[in-house]
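Sequential numbering of the sequence shown, starting at 55, is according to the numbering used here.
All residues carry an ideal CB built from backbone N, CA and C; glycine is no exception.
Here's the structure, in structure tokens; my notes come after.
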Amino acid sequence: MNPPNIVANFVSPAFDFSNVAPRLISWRMGGMLAATASIFITPWNLFNNPAVIHYTLDILGSFIGPLYGVLIIDFYLVKRGTLAVDDLYTTSETGKYWYTKGVNRRAVMALLPAAVIAILCVMLPSLEASANFSWFIGAGLGALFYWMLADRKRAV
55 MNPPNIVANF VSPAFDFSNV APRLISWRMG GMLAATASIF ITPWNLFNNP AVIHYTLDIL
115 GSFIGPLYGV LIIDFYLVKR GTLAVDDLYT TSETGKYWYT KGVNRRAVMA LLPAAVIAIL
175 CVMLPSLEAS ANFSWFIGAG LGALFYWMLA DRKRAV
């Protein structure tokens, strides 16, 4: 393993964990959580088996596709390409992007079933022919579900 790569891969999960609960988890604690978790998850073993790499990437794509669909519909069709930049950086409950305690529940409700369907395309042998298209299926379903659930009146 390349030591600079290990250091570079430490920064992102440290920030991820610390942003989940910033009052409870510092950046340093987030890094320690990531380091400890990596020992138990053993991501280096993914490289020992090509099938595991394939399934890992397919499942990752099954989550990223619906997320992409939700983000594209939200930005271009719901918010019509406009952003309130100051509200992106506020933690105030009056911010435009606060939603419900900081979570857009409609987006989550669109994301989850789309991701489940995309994962089923990867995992079920009867849907094996669609496995290579799970990202596109998830993106389309995430976009469709979010378009149906989005609060378009609030966005303008």
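Between the Cα of residue i and those of the options, spot the shortest distance and give me the residue it belongs to.
| i | options | result |
| --- | --- | --- |
| G135 | I126, Y143, D141 | I126 |
| P120 | V162, R77, S180 | V162 |
| I118 | L131, A193, W201, A197 | A193 |
| T90 | P67, T110, V170, Y200 | P67 |
| D140 | S180, Y151, L131 | Y151 |
| L203 | I191, S92, V132, P97 | V132 |
| I171 | L195, Y153, S180 | L195 |
| F199 | V124, L142, L78, F129 | V124 |
Consult DSSP for residue i and reduce its assignment to one of helix, strand or coil.
| i | result |
| --- | --- |
| Y200 | helix |
| L181 | helix |
| R82 | helix |
| P97 | helix |
| P76 | coil |
| L137 | coil |
| D205 | coil |
| S188 | helix |
| S146 | coil |
| V210 | With a pLDDT of 48 at V210, under the threshold of 50, the predicted position of this residue should be treated as unreliable, though the coordinate-derived value follows. Here V210 sits in coil by DSSP. |
Could you tell me which residues DSSP pairs with residue i in its beta bridges?
| i | result |
| --- | --- |
| V157 | T154 |
Following the continuous alpha helix (DSSP H) through residue i, name the residue where it begins and the one where it ends.
| i | result |
| --- | --- |
| F117 | 104-126 |
Legend entry - the segment 91-102 touching the segment 168-181, judged by at least three CB pairs closer than 8 Å: Too few Cβ pairs lie closer than 8 Å, so no.
Inset, instruction - Count the CB pairs spanning the segment 184-199 and the segment 139-146 that are closer than 8 Å, and state whether there are at least three. - result: When Cβ pairs closer than 8 Å are counted between the two stretches, the segment 184-199 is seen not to touch the segment 139-146, the count staying below three.
Legend entry - Meets three-Cβ-pair contact criterion under 8 Å: the segment 67-87 and the segment 150-158: The segment 67-87 is not in contact with the segment 150-158.
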